[in-house]
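Working notes, structure below.
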Amino acid sequence: MQIPDFFKNRRLRRGSLGSIEQDEFLEIIIAFIHFAGAQAERQEIIKTIHDTYSNQFTEPDYALLTSQRPPKERWIHNIDWAKRK
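So the sequence shown is numbered by this note's numbering: it starts at -19 and just counts up by one.
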């Protein structure tokens, strides 16, 4: 999947918990699905987001949310919530 420089160079906003905000992922999810030819598996989008923005992820993004079953990192949880919106 080819990601335009506009998305690669985008700085993501952080919320009050110090992690990237859920709403920051909305446009990215939609765009990445478009770049994938209008169809993409969840895991493909998650991997592409991580590959593109991992240099911006910090400890709060990688915090493991044990309240989730199964537990997952906050950045994945935020992507899942953004996808639901």
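Glycine residues also receive a C-beta, built at the ideal position from the N, C-alpha and C atoms.
Because the structure is a prediction, the values reported are computed rather than measured.
Distance from the CA atom of F15 to the CA atom of K27, rounded to whole angstroms, is 14 Å. Under the DSSP assignment, D3 falls outside any alpha helix (DSSP H); it carries neither an H nor an E label. It is roughly 23 Å from the alpha-carbon of Q19 to the alpha-carbon of R(-10). The way I'd put it, the region 39 to 58 does touch the region -6 to 11; three or more beta-carbon pairs between them come closer than 8 Å.
Cβ-Cβ distances below 6 Å link I13 to A20 in the same chain, with the five nearest sequence neighbours on each side left out; the list follows chain order. Cβ neighbours of H57 within its own chain (closer than 8 Å, five residues either side excluded): L45, Q48. Remark: C-beta atoms of A11 and F37 do not approach each other more closely than 9 Å.
With 16 or more neighbouring CB atoms inside 10 Å of its own CB, E4 falls in the buried class.
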